[in-house]
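Take 3 as the starting number for the sequence shown in the working numbering and just add one per residue. By construction, the Cβ of each residue, glycine as well, lies at the ideal position given by its N, Cα and C atoms. Nothing here was measured: the structure is a model prediction, and the numbers come from that model.
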Amino acid sequence: MNLYGFYDGQRVGPLSTVGVTDPQEEPPASPPLKPRLGELTVTDATPESLQLSWAVPEGQFDHFLVQYKNGDGQPKAVRVPGHEDQVTISGLEPDHKYKMNLYGFHYGQRMGPVSVIGLTAPDYEAMTTEVPITMAPEPPTKPRLEELTVTDATPESLQLSWTVPEGQFDHFLVQYKNGDGQPKAVRVPGHEDQVTISGLEPDHKYKMNLYGFHDGQRVGPVSVVGVTTAEEETPSPTEMEETPSPTEMEETPSPTERPEEPILGEL
Numbered sequence: 003m004n005l006y007g008f009y010d011g012q013r014v015g016p017l018s019t020v021g022v023t024d025p026q027e028e029p030p031a032s033p034p035l036k037p038r039l040g041e042l043t044v045t046d047a048t049p050e051s052l053q054l055s056w057a058v059p060e061g062q063f064d065h066f067l068v069q070y071k072n073g074d075g076q077p078k079a080v081r082v083p084g085h086e087d088q089v090t091i092s093g094l095e096p097d098h099k100y101k102m103n104l105y106g107f108h109y110g111q112r113m114g115p116v117s118v119i120g121l122t123a124p125d126y127e128a129m130t131t132e133v134p135i136t137m138a139p140e141p142p143t144k145p146r147l148e149e150l151t152v153t154d155a156t157p158e159s160l161q162l163s164w165t166v167p168e169g170q171f172d173h174f175l176v177q178y179k180n181g182d183g184q185p186k187a188v189r190v191p192g193h194e195d196q197v198t199i200s201g202l203e204p205d206h207k208y209k210m211n212l213y214g215f216h217d218g219q220r221v222g223p224v225s226v227v228g229v230t231t232a233e234e235e236t237p238s239p240t241e242m243e244e245t246p247s248p249t250e251m252e253e254t255p256s257p258t259e260r261p262e263e264p265i266l267g268e269l
């Protein structure tokens, strides 16, 4: 430093000296602020997604992690960079509740969680889609058996016929007793309405019982009494030989009467 003095226009000096400034004292470095998570909120909802937002009042996180469970209860996680403060979670189900947990990570340490429950929006488009109205099928009508009749008879068989005014049977069963009193049964397909019972005895009375079966249940019986026809008798060979035919009777001459004796008259 040089110092000059001035008197009546004349400069006097300088006087000089050297000075050294003191070094500047730096304030001690403060440790970085530990970050803090603020409130987590749901800012938007669609049928398939939830948008989340959060605050970090202090500090800076390295990254975040959002954890939740999907509709099947399986855990899911979405990683978010540390400079972000919102994220959209997609692939969700409509009109469904989800609990979202947010964690912050700083220098390897996990902080949190802060949580919020979000509800996805209903899928109105799917709800308003016209669905073709299908009429529930009416339960099948319970079948009903009506009159059983004998429509033909021979010496060895009876033909039976019946009606089913409502419904359809799976099959039928005709039960009767033979000439020896033994029970017999004949099965008939459900689409048939008649059957011929063979192997019977001539000129014999039979009571026929008809049952219908539907879904494992038996309906009936309806009954009828039928009589087989009598067996026609054929003439024996002996009778045929002894009985002359009409032609033979015509050709065979009848025995002639003995002529009367002649009578002589007067001479």
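Are the Cβ atoms of residue 145 and residue 169 separated by less than 9 Å? Numbered from its first residue, the sequence shown carries residue 145 at position 143. Numbered from its first residue, the sequence shown carries residue 169 at position 167. It is a contact, given that the beta carbons lie within the stated cut-off.
According to DSSP, what are the bridge partners of residue 197? What you label residue 197 is simply residue 195 of the sequence shown in a count that begins at 1. Per DSSP, 162.
If you reduce the DSSP assignment to three classes, tell me which class residue 109 lands in. To locate residue 109, count along the sequence shown from 1; it is residue 107. Coil.
Would you check if the region 76-95 and the region 50-60 touch, i.e. whether three or more CB-CB distances between them fall below 8 Å? yes
Among residues of its own chain, excluding the 5 on either side of residue 202, which ones have a beta-carbon nearer than 7 Å to its beta-carbon? By 1-based counting over the sequence shown, the position of residue 202 is 200. Excluding residues within five positions, the ones whose Cβ falls inside 7 Å are 158, 159, 160, 208 and 230.
Burial state of residue 137 (16 or more Cβ within 10 Å): For the purposes of this step, residue 137 is identified with residue 135 of the sequence shown, where counting begins at 1. When all chains shown are included, residue 137 counts as exposed.
Since residue 83 and residue 62 are thought to touch, with beta carbons under 8 Å apart, how far apart are those beta carbons, to the nearest angstrom? Position 81 of the sequence shown, counted from the first residue, corresponds to residue 83. Position 60 of the sequence shown, counted from the first residue, corresponds to residue 62. Going by Cβ atoms, the distance from residue 83 to residue 62 rounds to 11 Å, so no, they are not a contact pair.
Rank 205, 211, 224 and 210 by C-alpha distance to the C-alpha of residue 233 and give the top, closest one. To locate residue 233, count along the sequence shown from 1; it is residue 231. Of the listed residues, the one whose Cα sits closest to residue 233 is 205.
For residue 55, which residues in the same chain have their Cβ closer than 7 Å to its Cβ, ignoring the five residues on either side in sequence? As a position in the sequence shown, residue 55 is number 53, starting the count at 1. Within the same chain, residue 55 has close Cβ partners 43, 45, 87 and 88.
Shortest alpha-carbon distance to residue 67 belongs to which of 167, 103 and 186? Counted from its first residue, the sequence shown places residue 67 at position 65. Ranking 167, 103 and 186 by Cα distance to residue 67 puts 103 first.
Between which two residues does the beta strand (DSSP E) holding residue 55 run? Start at 1 with the first residue of the sequence shown, and residue 55 comes out as number 53. Run containing residue 55: 51-56, per the beta strand (DSSP E) assignment.
Compare the Cα-Cα distances from residue 180 to each of 173, 188 and 174 and report the closest residue. If you number the sequence shown from 1, residue 180 lands on position 178. Nearest of 173, 188 and 174 to residue 180, Cα basis: 188.
Nearest-angstrom Cα distance between residue 59 and residue 69? Position 57 of the sequence shown, counted from the first residue, corresponds to residue 59. Position 67 of the sequence shown, counted from the first residue, corresponds to residue 69. So the two alpha carbons sit approximately 21 Å from each other.
Flag this pair as yes or no: are the beta carbons of residue 221 and residue 210 separated by less than 9 Å? Here residue 221 is taken as the residue at index 219 of the sequence shown, counted from 1. Here residue 210 is taken as the residue at index 208 of the sequence shown, counted from 1. Going by C-beta atoms, residue 221 is not nearer than 9 Å to residue 210.
Figure out for me which residue from 18, 35 and 193 has the closest Cα to the Cα of residue 108. Taking the first residue of the sequence shown as 1, we reach residue 108 at position 106. Minimum Cα distance to residue 108 is reached at 35.
Verify whether the separation of the beta carbon atoms of residue 65 and residue 110 is less than 9 Å. Locating residue 65 in the sequence shown gives position 63, where the first residue counts as 1. Locating residue 110 in the sequence shown gives position 108, where the first residue counts as 1. Going by C-beta atoms, residue 65 is not nearer than 9 Å to residue 110.
Please return the same chain residues whose Cβ sits closer than 7 Å to the Cβ of residue 75, not counting the five positions on each side in sequence. The residue labelled residue 75 in the question sits at position 73 within the sequence shown. Taken in chain order, the list of residues that qualify is empty.
Supposed contact pair residue 224 and residue 175 - C-beta distance, whole angstroms, cut 8 Å: In the sequence shown, counting from the first residue as 1, residue 175 sits at position 173. In the sequence shown, counting from the first residue as 1, residue 224 sits at position 222. 12 Å between Cβ atoms; not a contact.
Suppose you measure from the CA of residue 119 to the CA of residue 125; what does that come to, to the nearest Å? Your numbering for residue 119 matches position 117 in the sequence shown. Your numbering for residue 125 matches position 123 in the sequence shown. One C-alpha to the other measures close to 19 Å.
Contact defined as beta carbons within less than 8 Å: I believe residue 123 pairs with residue 47. What is the distance between those atoms, to the nearest angstrom? As a position in the sequence shown, residue 123 is number 121, starting the count at 1. As a position in the sequence shown, residue 47 is number 45, starting the count at 1. About 5 Å separates the two Cβ atoms, so the contact holds.
Could you tell me if residue 8 is buried or exposed, where buried requires 16 or more neighbouring beta carbons within 10 angstroms of its beta carbon? Counted from its first residue, the sequence shown places residue 8 at position 6. Per the 10 Å Cβ criterion, exposed.
For residue 18, which option in 11, 162, 199 and 6 has the closest C-alpha, if you only look at C-alpha atoms? For this step, residue 18 is matched to residue 16 along the sequence shown. Residue 18 has its Cα closest to that of 6, out of 11, 162, 199 and 6.
Classify residue 11: buried if its beta carbon has 16 or more other beta carbons within 10 angstroms, exposed otherwise. In the sequence shown, residue 11 corresponds to position 9, counting from 1. Label assigned to residue 11: exposed.
By a C-beta neighbour count over all protein chains shown, 10 Å radius and 16 as the cutoff for buried, is residue 197 buried or exposed? For the purposes of this step, residue 197 is taken as residue 195 along the sequence shown, with counting starting at 1. With 16 or more Cβ atoms within 10 Å of its Cβ, residue 197 is classed as buried.
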